[in-house]
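Q: In our numbering, the protein residues as written are 1021 to 1292. Where a beta carbon is used, it is the ideal one built from N, C-alpha and C, also for glycine. As the structure is a computational prediction, the values presented were derived from the model and not from experiment.
1. Touch check for the region 1136-1156 and the region 1251-1260: three-plus C-beta pairs under 8 Å?
2. Would the region 1197-1213 and the region 1162-1173 be scored as touching if the rule is three or more Cβ pairs under 8 Å?
3. Please check the pair residue 1154 and residue 1106, which I expect to be a contact at CB under 8 Å, by giving their CB distance rounded to whole angstroms.
4. Can we count residue 1257 as close to the ligand MG, meaning its CB is less than 7 Å from some heavy atom?
5. In whole angstroms, give me the CA-to-CA distance for residue 1086 and residue 1163.
6. List in chain order: all unbroken beta strand (DSSP E) runs of 3+ residues lying wholly within the region 1127-1210.
7. Cβ atoms of residue 1120 and residue 1148: under 8 Å apart, would you say?
8. Quick check on the burial criterion: 16 or more other C-beta atoms within 10 angstroms. Buried or exposed for residue 1008?
9. Which residues in the same chain have their Cβ closer than 7 Å to the Cβ of residue 1243, if we skip the five residues on either side of it in sequence?
10. Three-state secondary structure (DSSP) at residue 1215?
11. With DSSP as the reference, please indicate the residues paired to residue 1272 in a beta bridge.
12. Can you tell me the Cα-Cα spacing of residue 1036 and residue 1159, whole angstroms?
13. Rounded to whole angstroms, what is the Cα-Cα separation between residue 1318 and residue 1249?
14. State the Cα-Cα distance for the pair residue 1127 and residue 1152, rounded to the nearest angstrom.
15. Select from 1255, 1219, 1180 the residue whose C-alpha is nearest the C-alpha of residue 1268.
16. Check whether the Cβ atoms of residue 1215 and residue 1264 sit closer than 8 Å, and answer yes or no.
17. Rounded to whole angstroms, how far is the Cβ of residue 1281 from the Cβ of residue 1092, which I believe are closer than 8 Å?
18. Comparing C-alpha positions only, which one of 1102, 1192, 1104, 1175 sits nearest to residue 1213?
What follows is the structure in structure tokens.
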């Protein structure tokens, strides 16, 4: 009678599966390192923010120098921005499904418009149209802000002259047989449709398949060409998809279809 093989040891979820591609092992290792770095960096930022506040108190108590106080204010603002970046990184590493309340969509859109207006204010106007009663989304707030900010900046850079950038959000209803412009997969489902449109040159068919590639850019004003790459990553991290639509009067509409939060999907199924 042949010997029975010993029972297999339970898999350690913190370890990569045997035989997994080396790239996956590398990504798992990077994720573990990034989590530790985010935690440690946040502690450094807390110290910077804390001692900056104390320095302001001491200076103000002694009738401090206004110029030095203004410098401390700038340090505090930079620290807040850095903490926001850490929050975005930490959100990428969380295992629980993200959930964003519907009311936050309007607030995030307003934040993005305010930030972009400071940079692209000359000749660019902004319009925001967020439907009432949107369901909760399966995305982190900081990720939605980054996603929308990159799309709005891309729209502003696509317009060499004056024009309007429009942000909108509405329930898409059930869609089926659609093709993602980024991953090329066919998808179906119930989504919230976020869109940013511009009145620029449009995207030529010859380069449309490349706009989400890292470091690819058709604009002389843009940076390293990672804006739409980040959009692609954040959209798919949330289980959504991306579409590119030509506007009849010229320009482009970038459409993001984001899935509903898990409880919203369950409620929709129960009603159906």
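A: A quick look at the data gives this:
1. Remark: fewer than three beta-carbon pairs, one from each stretch, lie closer than 8 Å, so the region 1136-1156 and the region 1251-1260 are not flagged as touching.
2. no
3. Contact flag wrong, Cβ pair sits at about 28 Å.
4. Of the ligands one can find in the structure shown there are none, so the ligand MG has no counterpart to examine.
5. 37 Å
6. 1144-1150, 1183-1199
7. no
8. Summary: the structure shown does not reach residue 1008, with the chain confined to residues 1021 through 1292, and so no result is reported for it.
9. With a pLDDT of only 45 at residue 1243, under the threshold of 50, the placement of this residue in the model should not be trusted, and no figure is reported.
10. strand
11. 1266
12. Per-residue confidence for residue 1036 stands at a pLDDT of 39, beneath the threshold of 50, marking its modelled position as unreliable; no derived number is given.
13. This structure cannot settle anything about residue 1318, because the visible part of the chain is limited to 1021 through 1292.
14. 13 Å
15. 1219
16. No, the Cβ-Cβ distance between residue 1215 and residue 1264 is not below 8 Å.
17. With 8 Å as the limit, residue 1281 and residue 1092 do not qualify as a contact, their Cβ atoms being about 40 Å apart.
18. 1192
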